[in-house]
Each structure stands twice: as structure tokens, then as C-alpha cells.
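Notes follow once the structure below has been shown.
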Amino acid sequence: MDAAQSRHPKVLPFLFLTEMWERFGFYVAQGLLVLYMTRFYGFSDDLSYTISGIFAGLVYISPFIGGFLADRMLGYQTAILWGGLFLVFGYALLALSSHAALFYPALATIIIGNGLLKPNISSLLGTQYATDDPRRDSGFTIFYIGINIGAALSGLSGYVKNAFGWQITFALASLGMVIGLITFLNGIRFIKNTQTLKPVSFRLKLQLLFYCLLAIAGVSLLFKINVLANWLLPATGIILLVFLIVLTLQQNAEYRKRMIVLNTLIISSIVFWMLFLQLFNSANLYIDRLVDKNLFGLQLTTTVFYASESVFIILLGPFFAWSWQTLAHNNKNPSPITKFVLGIFCAGLGFLVMGISTHFSDAAGLINPLWIFFAYLLITIGELLLSPIGLSAVTLLAPPNLIGMMMGIWFVATGFGGIFAGWIAKLSSIPDAAASTAQKLAIYQAAFYDYAYLAFFIAIALFFVQIGMKKIMRT
Numbered sequence: 020m021d022a023a024q025s026r027h028p029k030v031l032p033f034l035f036l037t038e039m040w041e042r043f044g045f046y047v048a049q050g051l052l053v054l055y056m057t058r059f060y061g062f063s064d065d066l067s068y069t070i071s072g073i074f075a076g077l078v079y080i081s082p083f084i085g086g087f088l089a090d091r092m093l094g095y096q097t098a099i100l101w102g103g104l105f106l107v108f109g110y111a112l113l114a115l116s117s118h119a120a121l122f123y124p125a126l127a128t129i130i131i132g133n134g135l136l137k138p139n140i141s142s143l144l145g146t147q148y149a150t151d152d153p154r155r156d157s158g159f160t161i162f163y164i165g166i167n168i169g170a171a172l173s174g175l176s177g178y179v180k181n182a183f184g185w186q187i188t189f190a191l192a193s194l195g196m197v198i199g200l201i202t203f204l205n206g207i208r209f210i211k212n213t214q215t216l217k218p219v220s221f222r223l224k225l226q227l228l229f230y231c232l233l234a235i236a237g238v239s240l241l242f243k244i245n246v247l248a249n250w251l252l253p254a255t256g257i258i259l260l261v262f263l264i265v266l267t268l269q270q271n272a273e274y275r276k277r278m279i280v281l282n283t284l285i286i287s288s289i290v291f292w293m294l295f296l297q298l299f300n301s302a303n304l305y306i307d308r309l310v311d312k313n314l315f316g317l318q319l320t321t322t323v324f325y326a327s328e329s330v331f332i333i334l335l336g337p338f339f340a341w342s343w344q345t346l347a348h349n350n351k352n353p354s355p356i357t358k359f360v361l362g363i364f365c366a367g368l369g370f371l372v373m374g375i376s377t378h379f380s381d382a383a384g385l386i387n388p389l390w391i392f393f394a395y396l397l398i399t400i401g402e403l404l405l406s407p408i409g410l411s412a413v414t415l416l417a418p419p420n421l422i423g424m425m426m427g428i429w430f431v432a433t434g435f436g437g438i439f440a441g442w443i444a445k446l447s448s449i450p451d452a453a454a455s456t457a458q459k460l461a462i463y464q465a466a467f468y469d470y471a472y473l474a475f476f477i478a479i480a481l482f483f484v485q486i487g488m489k490k491i492m493r494t
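Its first residue numbered 20, the sequence shown is counted upward by one per residue in the working numbering.
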């Protein structure tokens, strides 16, 4: 391979930095959300998990619509710019949410902004590579490192919150997104535009903007009616699954086979995400309540722990990027399903370690923080085996005219992982604030073991499904 072939597209660094700042803001908000609700508003564990699950679910379901709009009307670039602006305003509203009336509209605005930006920046990156380009997996892994630099920086939010309060911390998320938008605007000149869309009239753009505002009002109401959300969202999932099956059957024989593989990856990813998102739910409160924050004399905050997962990705990401590129050149790159099996299994190992940690509390009933860092290292390996590979698989396996929509469906699966994460997090709910430390440890122990058993079961099942997939692809 010569130097020209080994170079990545010039726009990659700009997309890398845009996504870094977007993820910084998002993880500041998501990482503090359960803590904010339980501490600032005094919500119960169950209610906090429900709201967090709905938020995570809709944050990742909304890209389905955002991807559709980018494919059919707005184009990737416009959708990214609109999404960034909504995120700026959403975090600003969250900064003002000491007035409780603004809390749900803030979450709703963040959801709409994420839906427009998140799938389309990944899809845009995919269009900058040829379908058979061996740099594709490597490029997406590098892009994924950018995501995690932003997430790692968000770990400092705990210190900012302790020094300046909740509102200043959320305002910092809004500022980060402003920087991200400026970065993206500077990189537009390097984008190879592969979309052929009819120009959208100013009137239609105003109509779309009105629908976005209407969606914010509707989602705000949804947060207030939890029973409706708990039934409406799963019902929507069933409808989308039927839609996905019909969409697959409509493709020609070659793309139908690819879509079957892609659908298997998408569905299996739900389990990984419902476990991974415990980092912001049950694991977050476990750390806040029962983990020693003093490590070798250094005082940590709860946010440092979830950010450590991103630090591990930054450290390990280059190795994985190099590995996939090297294996691909030698025709030994494992299939995406094999990587998913290993990824889900590693997530199970992480929660197994979390469960084991509850047996080793000190005299004060606190857990050594090294247990958590080791568990998060295992979950990180799982994420690197699954998430960037899934993003790449969507752009590789989906029909060219459906890449944006299928990227949206990939995030929908993550969204349902978020909804189910809120459900299973309730296995760790502490029903009585006066519960003893031993009682709390026992509740978390049972929940973490259940999460591990679920991961192991799905990984084994997916391993056998892979055998059937190989037969389908050969026919």
C-alpha cells in the first residue's frame, strides 16, 4: 500500500473533533443525570431509573428519524448543523433547570438535537470511504477515539460541579457544543458530497423546524406520563421490527443476505447496550454510595469512573484500529458477528467482576475503586469489539440509498438498550434510604450477577446463530 492509499480522508480530523465536543456535552448531561435527579430533585431510585431509561431510549431512537430526514431531504451536513444548534439550546435549558419546569423540555431538546446530529456524522464519515476500502474499520475506530476523548473530558464535570454547582456544569456542555459546531463549519470544505438530493425550499425547512419544536413539546409530556412511555416505546419497537423485516424482504438477493447479517448485529447489540448503560444507572449510584473515592491519596468523583471507560478506549483504540487493518490485509479479520460475541461476553465479565467486588468491602462498608476500574476495562474491550464495528458494518452492509436510515436503526437498537437498561436497573433499586450498607451491597450484588448471566447467555446463543449466518451467506 502506498502513502496515498494509507491516508485517511482530510475531513476525518474535523469530524473527529466535532464528535469529540458533542460527546463531551452529552456525557456531562448523561453522566450527571441520575445523580442530579436523586440528589437535586430527591427522586427515588425507581423514578430516576425510569426517566434515565426513557431519556437514553429516546436519545438513541431519535436518530432513526434524523437519518431518514438526512437521506431524503436535509442532507447530512444540514442535519448535523441543525442538531448541533438544538443541543446548544438543550444544554443551556438544563443549566437553567433549577426551575423544575425546564427540566423535561431540556431533556427533550437534547433528544431532538442528538437525533439530527448523531447518525448523520457517522453516515457522513462512511461516505468518505469506498465500499471496499481496507481503511474503513480503522477510520471508524479512530473516529470512535474522538468520541471517547470527549467522554473522558466529561469526567471532570464532577469536580466542576463540586466547585461551581450543577448549573455551571451543564452550561459548560452547551459551550462544548458551540466549539464543535465551529469546528464542523471549518471542515465542510473537505467533505466529498455523495448525496444527490433535490434542494429543500425555505418554507419546507420552516415546517420541519416547527415539527421539531412540536416534538420537543410531545417528548416533554412523555416524560411526565411514565406509564405511557413504558408501553408506547416497546410497542414502537415491535412496529419498527416489522418494518425492518419488510424492508429486508424488499431488497434484491445480495442485499437481502447482507441485511439479514446486519439485522442480527443490530438486534444482538440491544443486550450489550442495556448492560453498558448501567454505567450511568445502577453502577453510577453503586459507585456514588458504596465505592471508596480515595485512590492512593487522590480524591476522585463519581464521574471519574464512567469517564475511565473512555480513557481505556483512547489507550486501546489505536491498538484495535491497527489490529483490524493488519488482519484485513492478511485476510484474517474476524467476522462482525464473532466480534459481537466476544464483545457481549466481555461485558458479562465486567459485571461479574462488579458482583464479586461486593464481597470485599472494607470496615466502613466501602469497595476498593480498583475493582471498578478493572470491571470497566473489561467492558471497554467489549465496546471496542462491538460499537465501532457496528457503525462500520452499517455503512458496509446497508444498501447505499438506505445508509442513513439503517444508521438510525442502529441507534434505535441502542435506544431500546437504554429503555431496557432503565428496566433492569431497578433490580438494584434501594427501596429504603435507611437501608444498611450490608443490605445495599446484597441488592447490588444480586443485580450485577444477573447482568453477567444475561450477557453470557446471549453471547453463547449468538455464537450458534453465526453458524447459520455463514450458511445463508454461501447460498
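We put the beta carbon where it would ideally sit given N, CA and C, even for glycine.
Quick one: what does DSSP say residue i is sitting in, helix, strand or coil?
{"i": "Q318", "result": "strand"}
{"i": "S220", "result": "coil"}
{"i": "G179", "result": "Before going on, a small fix: residue 179 reads as Val here, not Gly. Residue state, collapsed to three classes: helix."}
{"i": "I386", "result": "strand"}
{"i": "S455", "result": "coil"}
{"i": "N420", "result": "helix"}
{"i": "S380", "result": "strand"}
{"i": "F331", "result": "helix"}
{"i": "N313", "result": "strand"}
{"i": "I166", "result": "helix"}
{"i": "G174", "result": "coil"}
{"i": "R155", "result": "helix"}
{"i": "Q226", "result": "helix"}
{"i": "F475", "result": "helix"}
Exposed or buried, what is residue i when buried is set at 16 or more other beta-carbons lying within 10 Å of its beta-carbon?
{"i": "M425", "result": "buried"}
{"i": "F105", "result": "buried"}
{"i": "A23", "result": "Reliability fails at A23, whose pLDDT of 46 lies under 50, so the model's placement of it is uncertain and the value that follows must be treated cautiously. That one is exposed."}
{"i": "T57", "result": "buried"}
{"i": "L346", "result": "exposed"}
{"i": "R42", "result": "buried"}
{"i": "A452", "result": "exposed"}
{"i": "P450", "result": "exposed"}
{"i": "I73", "result": "buried"}
{"i": "T456", "result": "exposed"}
{"i": "E328", "result": "buried"}
{"i": "M373", "result": "buried"}
{"i": "V47", "result": "buried"}
{"i": "D64", "result": "buried"}
{"i": "Y60", "result": "exposed"}
{"i": "M20", "result": "Low confidence applies to M20: its pLDDT is 43, below 50, so where it sits in the model is not reliable, and the reading given next is rough at best. With fewer than 16 other Cβ atoms within 10 Å, it is exposed."}
{"i": "P218", "result": "exposed"}
{"i": "W250", "result": "exposed"}
{"i": "A366", "result": "buried"}
Mind checking whether residue i and residue j have CB atoms under 8 Å apart?
{"i": "A254", "j": "F370", "result": "no"}
{"i": "L259", "j": "S176", "result": "no"}
{"i": "F291", "j": "G401", "result": "yes"}
{"i": "S464", "j": "T321", "result": "According to the sequence shown, residue 464 is Gln rather than Ser. Cβ distance not < 8 Å, so Q464 and T321 don't count as in contact."}
{"i": "T146", "j": "F33", "result": "no"}
{"i": "T283", "j": "I356", "result": "yes"}
{"i": "I99", "j": "L144", "result": "no"}
{"i": "V179", "j": "I187", "result": "yes"}
{"i": "A192", "j": "A326", "result": "no"}
{"i": "F435", "j": "G132", "result": "no"}
{"i": "G44", "j": "L200", "result": "no"}
{"i": "I285", "j": "I428", "result": "yes"}
{"i": "F83", "j": "V431", "result": "yes"}
{"i": "K243", "j": "Y123", "result": "yes"}
Could you pull the start and end residues of the alpha helix (DSSP H) that residue i belongs to?
{"i": "I286", "result": "272-295"}
{"i": "M39", "result": "31-55"}
{"i": "Q269", "result": "From DSSP, Q269 is part of no alpha helix (DSSP H); its letter is neither H nor E."}
{"i": "A192", "result": "185-206"}
{"i": "Y60", "result": "Run containing Y60: none; DSSP gives neither H nor E here."}
{"i": "D307", "result": "301-309"}
{"i": "F364", "result": "355-376"}
Quick check on residue i - is its C-beta less than 8 Å from some C-beta in chain B?
{"i": "P153", "result": "This model lacks chain B altogether; it includes just one protein chain."}
Within the present structure, is the beta-carbon of residue i separated from the nearest heavy atom of the ligand PLP by less than 7 Å?
{"i": "G165", "result": "The ligand PLP is absent from the structure shown, which contains no ligand whatsoever."}
Query raised in the report: Quick one: complete alpha helix (DSSP H) runs, 4+ long, within the region 84-125?
Result: 95-114
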